[in-house]
Amino acid sequence: MSEAVAEGESAVELLLRAAAMVPAERYALAAIIVAFVFLYRFLELHVIGDILRGFRGGRVELTFHPASEIYHRVASRCRLLHGRYLATPWLASPHLQTLFLGIHGMPPSFTYKRQLYTVCDGGTIALDWLLASDFEVADGFISEDASTPLVVVVPGLTSDSSAAYAKHLVYSMASKGWNVVVSNHRGLGGVSITSDCFYNGGWTEDVREVIKYLHHRYPKTPLFCIGTSIGANIVVKYLGEEGENTPVAGAVSICSPWDLLIGDRFISRKLVQRIYDKALAIGLKGYAKLHQPVLARLANWEGIRKSRSIREFDHHATCVIARYETVDTYYRRCSSASYVGNVSVPLLCISALDDPLCTREAIPWDECRANKNIVLATTPNGGHLAFFQGLTARRLWWVGATSEFLSALHDSSYMHRQKANDHVLHSSLESSIDKSPYVNLMEDGMVAAVTEDGPGNDGSPLNHAVDEEQLSNEVGGRRQNVVSALNHNEKASGVGNECPAAATKQQGDDVHSNKLHEIIAPVKRSINQLTRYQGRSVWLLAYIAFVTSWPLLGSLAFITFRKKFRNPLRAK
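For the record, in the sequence shown the residue sitting at position 456 is 478 according to this note's numbering, with numbers rising by one throughout.
Here is the structure:
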């Protein structure tokens, strides 16, 4: 036994002596190889694949409906969508691209023109403009009669118009002759929170109101919309909610998360994704700290301060303010993948399959293929909102592809045009309903939201109040003119020379008719309101009621008239 131990010790000594004889350079080389393999897998580098492909890049894969006119007449004219994408060689990793975009991004240098817009609930949105030309009117913005296309950009989570990718996009579109405005989220872009409402991943009310405002102010201007990251989710959800009733002529979605629930599972799956999760949580807490006085009153501030992930932040802030039961409920209701089928606007969707934040598992492939208005473009590489190309990494591939698609769409006859209907009234009703979970049925048949605001804070914007007041004054003035004209005609035709008894009788009839009118008027207005928006349903219900009640009504009529006919016969 002791001999075996001795032999074992001698074997160990021999092994150590042999290891000592290996040069240190070999160990260093082996360590470098192991570290390289680890980093290559951890950072998801693809430089070796680029070398094997001869630096030609990966092919852009397009998904569309076979009978899609948007593809055959618009996207087929886009060279970049039918080419290849090669990432910058020294950024051949989705993580390196995303990190470089966040740190520097090499954005162009220019200055925005800022406009502060107040939405209907009192919140403030910063609209940052970059115009295509030097022509300006007195207010410093584009002319109301201008036909130059206008692009509305919706940034990503905790991003604003100063983000590198936003500047790349804005500068590229403006240099090609387009007017661009970045609609910053509430509380971002250096603007304070001025209401008790915050934005979230599915909050489409701000985009809806800004687009409606721009369309009303510049009715002759073709209006386009581009969403990036969480802004893409908001834009697609808005387009699905509106359907045909949107003034947007075309749209582009860049790196959308599509399904927030799947994205939440993905971002907490691996170590590198958990790093992104913590980094985004830090950004959200920084956003919350800027507006601590408001958030501390509305949400669980202590929970927000201790949040270490996006999900924890949404639990303590988003779900409390927006009144979602659970975080999963919020994610399910705000995912744009559920609204893809109802998009009626030409839409280009661009996603990278190696996106470290928005997984390819959430992309609604079948829904995009089934919708004739959607073209989905996916690339093997690109990271999140990066897509750097060239040795200097001064260009973003998706910016060029977006500009090319929108230019081809603008030059074609396939831009979406809003149907001429009563959508303005419908939108005002819908937006007022969405402000609160409870509604009231008013005397005139209109539906109004119940809010906790006082009488002086009804949540309506100043310009809306002015318009409604002007409208009521105009309507009242017209009614007064009509009544005056009728009285004048009556006097001229001698109607006023009636006898006192006839006048008294007519006055009594008028009193009874006015009382009857006061009783019937609210019901009549309610029925008119219902028939305006649900006319088909109302007539269908009336038909069903008539058919189902006809046997009973026929029996009653038969019994009634039989008794009446029987009595005269007996008298005879």
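Here a beta-carbon is modelled for each residue, glycine too, at the ideal position from N, C-alpha and C.
Please name the residue or residues paired with residue i in a DSSP beta bridge.
{"i": "VAL174", "result": "VAL203 and CYS247"}
{"i": "GLN295", "result": "DSSP, once it has assigned bridges, lists no residue as partnering GLN295."}
{"i": "LEU418", "result": "PHE410"}
{"i": "THR140", "result": "THR146"}
{"i": "GLY80", "result": "TYR107"}
{"i": "LYS135", "result": "TRP151"}
Between the options, which lies nearest to residue i when the distance is taken from Cα to Cα?
{"i": "LEU65", "options": "TRP420, ALA392, PRO378 and TYR436", "result": "PRO378"}
{"i": "SER155", "options": "ASN255, VAL202 and SER366", "result": "VAL202"}
{"i": "ARG78", "options": "PHE427, ARG416, ASN403 and SER429", "result": "ASN403"}
{"i": "LEU375", "options": "ASP350, VAL257 and ILE385", "result": "ILE385"}
{"i": "GLY363", "options": "SER331, TYR235, ALA196 and GLU266", "result": "GLU266"}
{"i": "SER251", "options": "SER357, VAL56, SER115 and LYS242", "result": "SER357"}
{"i": "PHE122", "options": "MET437, HIS406, TYR361 and VAL69", "result": "HIS406"}
{"i": "LEU84", "options": "LEU369, GLN411, LYS441 and PHE409", "result": "LEU369"}
{"i": "GLU389", "options": "ALA408, GLN411 and VAL365", "result": "VAL365"}
{"i": "TRP112", "options": "VAL56, LEU312, SER131 and ILE73", "result": "ILE73"}
{"i": "ARG239", "options": "SER169, SER429 and ARG99", "result": "SER169"}
{"i": "GLN411", "options": "ALA53, THR180, ALA57 and GLN119", "result": "GLN119"}
{"i": "HIS87", "options": "LEU418, LEU431, SER429 and ASN395", "result": "ASN395"}
{"i": "ASN393", "options": "ARG330, SER90 and LEU36", "result": "SER90"}
{"i": "ILE248", "options": "THR400, SER278 and LEU282", "result": "SER278"}
{"i": "PHE335", "options": "LEU428, ALA254, LEU108 and GLY223", "result": "GLY223"}
{"i": "TYR193", "options": "THR226, PRO130 and TRP280", "result": "PRO130"}
{"i": "GLY127", "options": "THR226, SER429, ARG417 and ALA430", "result": "ARG417"}
{"i": "SER62", "options": "LYS441, VAL294, LEU210 and ARG99", "result": "First, the residue type needs correcting, since residue 62 is Tyr and not Ser in the sequence shown. Checked all of LYS441, VAL294, LEU210 and ARG99; the closest Cα to TYR62 is VAL294."}
Apply the 10 Å Cβ neighbour rule to residue i and answer buried if 16 or more other Cβ atoms are within range, or exposed otherwise.
{"i": "TYR49", "result": "exposed"}
{"i": "LEU152", "result": "buried"}
{"i": "ARG319", "result": "exposed"}
{"i": "VAL59", "result": "exposed"}
{"i": "PRO387", "result": "The question names Pro, yet the displayed sequence has Trp at residue 387. Result: exposed."}
{"i": "GLN314", "result": "exposed"}
{"i": "VAL173", "result": "buried"}
{"i": "LEU38", "result": "exposed"}
{"i": "THR414", "result": "exposed"}
{"i": "SER183", "result": "buried"}
{"i": "ARG230", "result": "buried"}
{"i": "GLY76", "result": "exposed"}
{"i": "GLU264", "result": "buried"}
{"i": "ILE256", "result": "buried"}
{"i": "SER32", "result": "exposed"}
{"i": "HIS190", "result": "buried"}
{"i": "ALA42", "result": "exposed"}
{"i": "LYS259", "result": "buried"}
If you follow the beta strand (DSSP E) that residue i is in, where does it begin and where does it stop?
{"i": "GLU83", "result": "83 to 86"}
{"i": "TRP151", "result": "146 to 152"}
{"i": "ILE385", "result": "Premise fails: ILE385 is in no beta strand (DSSP E) and is neither H nor E."}
{"i": "LEU61", "result": "Not the beta strand (DSSP E): LEU61 falls in the alpha helix (DSSP H), residues 46 to 64."}
{"i": "THR401", "result": "396 to 401"}
{"i": "VAL274", "result": "270 to 276"}
{"i": "CYS371", "result": "369 to 374"}
For residue i, which residues of its own chain have a beta-carbon under 7 Å away from its beta-carbon, when the five flanking residues on both sides are left out?
{"i": "LEU317", "result": "ALA310, TRP323, ILE326 and ALA339"}
{"i": "ILE147", "result": "TYR139, VAL141, SER205, ASN206, ARG208, ASP228 and VAL232"}
{"i": "SER434", "result": "ARG95 and VAL96"}
{"i": "ALA185", "result": "PRO177"}
{"i": "ARG106", "result": "ARG78, GLY79, GLY80, ARG81 and VAL82"}
For residue i, which residues of its own chain have a beta-carbon under 6 Å away from its beta-carbon, when the five flanking residues on both sides are left out?
{"i": "CYS371", "result": "SER275 and LEU398"}
{"i": "VAL213", "result": "THR146 and ALA148"}
{"i": "LEU600", "result": "Because the chain spans 23 through 594 in this model, residue 600 falls outside it and cannot be assessed."}
{"i": "ALA97", "result": "LEU103 and VAL397"}
{"i": "GLN137", "result": "LEU149"}
{"i": "ILE70", "result": "none"}
{"i": "SER331", "result": "ASP299 and ALA303"}
Got a sec, what are the start and stop residues for the alpha helix (DSSP H) residue i sits in?
{"i": "LEU16", "result": "Only positions 23 to 594 of the chain appear in this structure, which leaves residue 16 out of reach."}
{"i": "ASP350", "result": "349 to 355"}
{"i": "MET195", "result": "186 to 197"}
{"i": "GLN440", "result": "From DSSP, GLN440 is part of no alpha helix (DSSP H); its letter is neither H nor E."}
{"i": "GLU263", "result": "252 to 264"}
{"i": "PHE335", "result": "332 to 335"}
{"i": "GLY325", "result": "323 to 327"}
{"i": "CYS341", "result": "341 to 344"}
{"i": "PRO116", "result": "116 to 125"}
{"i": "HIS238", "result": "227 to 239"}
{"i": "ARG287", "result": "282 to 289"}
By Cβ distance, which residues of its chain are closer than 8 Å to residue i, with the 5 residues on each side in sequence left out?
{"i": "ALA321", "result": "HIS338, ALA339, VAL342 and ILE343"}
{"i": "GLY262", "result": "SER358, SER360, TYR361, VAL362, GLY363, ASN364 and VAL365"}
{"i": "ARG439", "result": "ALA271"}
Is the Cβ of residue i closer than 8 Å to any Cβ of chain C?
{"i": "HIS126", "result": "Among the protein chains of the structure shown there is no chain C, as only one such chain exists."}
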